[in-house]
Amino acid sequence: MPSEKIYIFDTTLRDGEQVPGCKLNTKEKIELALKLEELGVDIIEAGFPISSPGDFESVRQIAEVIKNATVCGLTRAVQKDIEVAAEALKHAARPRIHTGIGSSDIHIKHKFNTTREDILQRAEKATKLARNFVDDVEFFAEDAGRADLSFLAKLVETVISAGATVVNIPDTTGYCLPHQYGEKIAYLKNNVPNIDKAILSCHCHNDLGLSTANSIAGAIAGARQIECTINGIGERAGNTSLEEVVMIIKQHQQDLNLYTDIKTQMLNPISQLVSDIMRMPVQPNKAVVGSNAFAHSSGIHQDGFLKESTTYEIMTPEEVGAAGSKIVLTARSGRSALAHRFQKLGYEFNRNDIDVLYEQFLKVADKKKEVMDADLQLLAKSYQPDSVAL
Ligand code: KIV
Ligand code: ZN
């Protein structure tokens, strides 16, 4: 049994919902929050309560219905934000306030027009205030991916002393390389004197397609919470995909010595639900939940897969709740895939028949993107020698 748990912090309803066109109403948010709880996520970031009356109401109602997961509300390091979040979360079984401020010099200078010293003071004040309302306070050091390391360490130490239980190290702009992000987490683990009093969290954006790799690098270096969204939706190029980090941790559990409590059989159904309610299609080649994730179309792969599925699949569709593996017939497919499909359609052809039918199949395939069952029925019906309908 792998020994250490990675807490899954889902921010589909907050960072995910910030995507233009993905806005949900309160009823839809509650439906999704209940599914996320059933999926086994540890923390649901339900929204940003001060941002609008609608978001306040969604966080409030989610806090009332969720019984097992922690319900979290986002705030800036601003008194009013924290008070409003505390009000929205007051009926939660496990409330968490997620407060924070910019930590890179770019943010400190251009967003806040202030000094590092002032940032430390605001961070400390906000964390202490949040702790007056709830026992579980997460602090985010925005743009930590580009922050000065020794300043970041000081900030982390300050907020832990002020009562933060979790410290989020966001790569807000998706800038870091995996080894850099991992080294950042390792540096904080080794250089912040009170680090044993808090959990470090990875919050990685996908601007360079590295959010999943960076989150895993952070976990390898000692972070114990990963912030992610279903289908990787989120600002710009998105956030870390929940389904990807969960399946990486499952596939490599011996190497990583880590586990999550996610029910992986729910990954495809929940991906579909999010795609439907947010009207945001999932790219076909998306890992784990894309429609092609278990589709085999080249002859070499199909032949191997039909002999033994593990030749070309490292996980089963059942394990992640996908409909099943698919053999897609195209001009790149081989004889074994064709024979297999004819058999499924009820035709038994011998090797010689398949050789002849394969030549006819290729002519059709060269004209079409995919050869469908109806095309094969026509080929089979017009073919005479030795064919026997079962
Ligand atoms: O990307 C980010 O830095 C965030 C914070 C608000 C946590 O989403
Ligand atoms: Zn974010």
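The sequence shown maps to residues 188 to 577 in the working numbering.
Glycine included, every Cβ here is placed at the ideal spot set by N, Cα and C.
Could you have a look at residue i and say whether DSSP puts it in helix, strand or coil?
i, result
"Arg283", "strand"
"Glu414", "strand"
"Glu329", "strand"
"Val433", "helix"
"Ser569", "helix"
"Ala576", "Confidence in Ala576 is poor, its pLDDT being 49 and thus under 50, which makes the residue's placement unreliable; the coordinate value appears in the next sentence. Looking at Ala576 - three-state DSSP - the assignment turns out to be strand."
"Ser428", "strand"
"Val507", "helix"
"His483", "strand"
"His278", "coil"
"Glu557", "coil"
"Leu443", "helix"
"Ile501", "coil"
"Ile420", "coil"
"Ile288", "strand"
"Lys473", "coil"
"Lys298", "helix"
"Ile514", "strand"
"Ser478", "coil"
Residue i and residue j look like a contact to me (Cβ under 8 Å); what is the Cβ gap, rounded to whole Å?
i, j, result
"Ala250", "Ala279", "4 Å"
"Asn426", "His392", "6 Å"
"Ile449", "Gly227", "5 Å"
"Ala331", "Ser290", "5 Å"
"Ile420", "Val206", "6 Å"
"Val246", "Ala275", "4 Å"
"Asn472", "Gly508", "So it is not a contact: roughly 18 Å between Cβ atoms."
"Thr198", "Glu232", "4 Å"
"Ala474", "Glu431", "5 Å"
"Lys384", "Ile413", "Not confirmed; about 20 Å, so no contact."
"Leu525", "Phe548", "6 Å"
"Ala340", "Leu375", "6 Å"
"Val515", "Ala482", "5 Å"
"Val476", "Asn418", "7 Å"
"Thr517", "Ser484", "5 Å"
From what residue to what residue does the beta strand (DSSP E) around residue i run?
i, result
"Ala578", "Only positions 188 to 577 of the chain appear in the structure, and residue 578 is not among them; the question remains open."
"Gln459", "Unbroken run through Gln459 is the alpha helix (DSSP H), Leu454 to Met465; no beta strand (DSSP E)."
"Asp306", "According to the sequence as given, residue 306 is Ile; it is not Asp. Note, Ile306: premise wrong, no beta strand (DSSP E); alpha helix (DSSP H) at Arg303 to Phe320."
"Ile195", "Tyr194 to Asp197"
"Glu274", "No beta strand (DSSP E) contains Glu274, which is instead part of the alpha helix (DSSP H) from Gln266 to Ala275."
"Ile231", "Ile230 to Gly234"
By the DSSP assignment, the alpha helix (DSSP H) with residue i in it spans what residues?
i, result
"Tyr545", "Arg538 to Lys554"
"Val246", "Pro240 to Val252"
"Thr213", "Thr213 to Leu226"
"Ala524", "Arg522 to Lys531"
"Gly260", "Careful: Gly260 lies outside any alpha helix (DSSP H), inside the beta strand (DSSP E) at Thr257 to Leu261."
"Ala406", "Ser398 to Ile407"
"His488", "Gly486 to Lys494"
Going by the beta-carbon positions, is the gap between residue i and residue j smaller than 9 Å?
i, j, result
"Glu318", "Ala349", "As written in the sequence, residue 318 is Arg, which differs from the Glu given in the question. Contact: yes."
"Ser592", "Ser523", "Because the chain is modelled from 188 through 577, residue 592 falls outside the range shown and cannot be assessed."
"Met580", "Leu211", "Absent from the structure is residue 580, since the part of the chain shown begins at 188 and ends at 577."
"Glu325", "Thr345", "no"
"Gln489", "His439", "no"
"Ala328", "Tyr368", "no"
"Thr257", "Pro282", "yes"
"Leu565", "Phe529", "no"
"Pro581", "Asp268", "Examination of residue 581 is not possible in this model, given that the chain is present from 188 through 577 alone."
"Ile230", "Leu429", "no"
"Tyr570", "Asp540", "yes"
"Ile435", "Arg411", "no"
"Lys192", "Glu204", "no"
"Leu200", "Leu221", "no"
"Val469", "Thr451", "no"
"Val343", "Ala273", "no"
"Ile372", "Arg333", "no"
"Leu578", "Ala400", "Outside the modelled stretch of the chain, which goes from 188 to 577, sits residue 578, for which no answer is possible."
Would you say the beta carbon of residue i is closer than 8 Å to some non-hydrogen atom of the ligand GDP?
i, result
"Gly421", "Annotation note on the ligand GDP: not contained in the displayed structure, which lists the ligand KIV and the ligand ZN as its ligands."
Of all the CB atoms in chain B, is at least one closer than 9 Å to the CB of residue i?
i, result
"Lys277", "The chain labelled as chain B is not found in the depicted structure, where only one protein chain is given."
Beta strand (DSSP E) runs contained entirely in the stretch 336 to 390, provided each spans 3 or more residues = 353 to 358
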